[in-house]
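The block underneath contains the structure these notes are about, expressed in structure tokens.
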Amino acid sequence: MRYIRQEIFKEIGRKGQEKLGKSTAAIVGLGALGSVSAELLARAGIGKIILIDRDVVELSNLQRQTLFDEDDAGKPKASAAKEHLNKINSAVKLDFFIEDLNFENIGKILNKNIYLILDCTDNLETRFLINDFSIKNKIPFIHSSAVGSKGYVFNVIPDKTPCLRCFLKEASQLDTCETAGVLNTITNLIPSIQVNEAIKIMLNKESNASELQDERARVELSHVTRTRSQLPEKNLLFFDVWKNELSKIKINKNNNCICCVKHNFEHLMGKKSSRTVKLCGDNIYQIKNKPISKAQFNNLKNKLKKIGKIIDFS
């Protein structure tokens with residue numbers, strides 16, 4: 001009875017709900033977008049959700065990250081999210097990783113048993129890493145982003161749609177929630193669209209061209225239009241909640257795309273890995289380095305304590 005209202009919706013039904021209950025989705029990034037998407041997936045009854053984030057909850061997050069509360073401040077987002085989601089739906093299996101997703105660990109964390117990846121990250125380097133992994137392993141993923149009053153959603157389905165590298169160029173600096181601000185309305189809208197697309201993909205509602213032609217011969221055009229509307233969106237969706245703008249932007253496949261055409265997975269091979277990454281928080285940076293001993297780590301930690309607050313997750 002828990003999902004009865006969802007099962008009544010004819011595009012899902014009981015069989016569709018059972019399919020969702022057997023599906024596994026991974027969410028990379030549990031900030032403003034990922035925390036909302038995680039809650040929506042859990043409430044929708046997705047069988048297993050993998051939660052990945054390297055950051056901690058800050059008070060400034062609570063304006064928009066509705067899964068967390070004041071008691072979570074200072075806690076790793078991945079573990080705090082798991083704790084709240086368990087209370088929301090104890091039937092959903094949850095795995096969490098307090099880790100930076102990178103070219104060295106992505107194959108271990110995102111195994112081939114997952115059906116879908118939700119990209120809720122805050123930097124292009126990780127987005128392109130997910131893009132490489134998705135195309136190479138033929139795992140669909142849904143890109144999402146939001147800053148200010150604007151947001152984007154784009155489905156990447158290997159062999160069927162363009163990928164991020166077809167239209168996104170590498171950039172050293174983009175607007176972030178820290179530099180441009182962000183409205184909590186856009187960070188609730190974008191995950192809603194993202195999860196809606198995720199459900200469509202997990203239900204495998206895609207029909208091939210011959211199926212649509214057969215259906216056209218049997219039913220009226222208006223019904224075919226409804227059938228098509230059940231398919232995952234192939235356009236880049238753009239929203240501006242402040243101006244009440246909605247656009248569908250057609251993305252063409254780049255015939256010279258370094259990723260989905262040439263299969264040169266440079267991010268997955270670590271050729272584009274940065275040593276310093278600015279996180280979407282108040283003056284928070286991640287510095288990547290070669291492995292060091294425990295003694296070296298403690299020595300570094302003691303030195304940094306003289307500069308500012310240190311949180312040790314080891």
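First residue of the sequence shown? That's 1 in my numbering, and the numbers climb one at a time after it. Ideal Cβ placement from N, Cα and C applies to all residues, glycine included.
query	result
My output table needs one value for F238: the three-state DSSP class, helix, strand or coil.	strand
For the beta strand (DSSP E) containing V28, name the first residue and the last one.	T24 to V28
Assign D69 to one of three DSSP states: helix, strand, or coil.	coil
In chain order, which continuous runs of the alpha helix (DSSP H) of length 4 or greater are located wholly inside the segment 102-132?	106-109
So, using beta-carbon positions, are G270 and F103 closer together than 8 Å?	yes
Put I12 into one of helix, strand or coil per three-state DSSP.	coil
Can you tell me whether P76 is helix, strand or coil according to DSSP?	strand
Cα separation between R14 and M202?	14 Å
Give the range of the alpha helix (DSSP H) segment to which F154 is assigned.	Where F154 is concerned, there is no enclosing alpha helix (DSSP H), although the beta strand (DSSP E) it sits in stretches over K150 to V156.
Report the residue from N264, L236, L183 and N299 whose alpha carbon sits nearest the alpha carbon of K243.	L183
Helix, strand or coil for L268, going by three-state DSSP, please let me know.	coil
So the alpha helix (DSSP H) A38 belongs to, where does it begin and stop?	G34 to A44
Taking buried to mean at least 16 other C-beta atoms within 10 Å of its own C-beta, is K93 buried or exposed?	exposed
Buried or exposed: which applies to N299, given that a residue is buried once 16 or more other Cβ atoms fall within 10 Å of its Cβ?	exposed
Specify the secondary structure class of H143 as computed by DSSP and reduced to three states.	strand
Could you tell me whether the Cβ atoms of P158 and I186 are closer together than 8 Å?	no
Please classify R54 as buried or exposed, where buried requires at least 16 neighbouring CB atoms within 10 angstroms.	buried
Given I130, which residues of its chain have a CB within under 7 Å of its CB, disregarding the five upstream and five downstream residues?	V28, I117, D119 and F141
In whole angstroms, give me the CA-to-CA distance for K82 and N123.	23 Å
Suppose contacts are defined by Cβ-Cβ distances below 8 Å. Is V149 in contact with Q194 by that definition?	Rather than Val, the amino acid found at residue 149 in this sequence is Ser. In this structure, Q194 does not lie closer than 8 Å to S149 by Cβ.
Which of the three DSSP states is assigned to E170 in this structure?	coil
State yes or no: is the C-beta of I292 within less than 8 Å of the C-beta of K301?	no
Quick check on T126: buried or exposed, where buried means 16 or more other Cβ atoms within 10 Å of its Cβ?	buried
Just how far apart, CA to CA, sit A80 and A42?	14 Å
With respect to the alpha helix (DSSP H) encompassing I199, which residues constitute its N-terminal and C-terminal limits?	I186 to M202
Where DSSP assigns a beta bridge to S247, which residues make up the other side?	F238
For the ligand COA, is there a heavy atom less than 7 Å away from the beta-carbon of G16?	This structure lacks the ligand COA; in fact it carries no ligand of any kind.
Looking at C-alpha atoms only, which residue of K250, K306, N155 and K305 is the closest neighbour of P232?	N155
For a test of the three-state rule: what should DSSP assign to K48, helix, strand or coil?	strand
Hey, out of L85, N264 and L101, whose CA is closest to R165's CA?	N264
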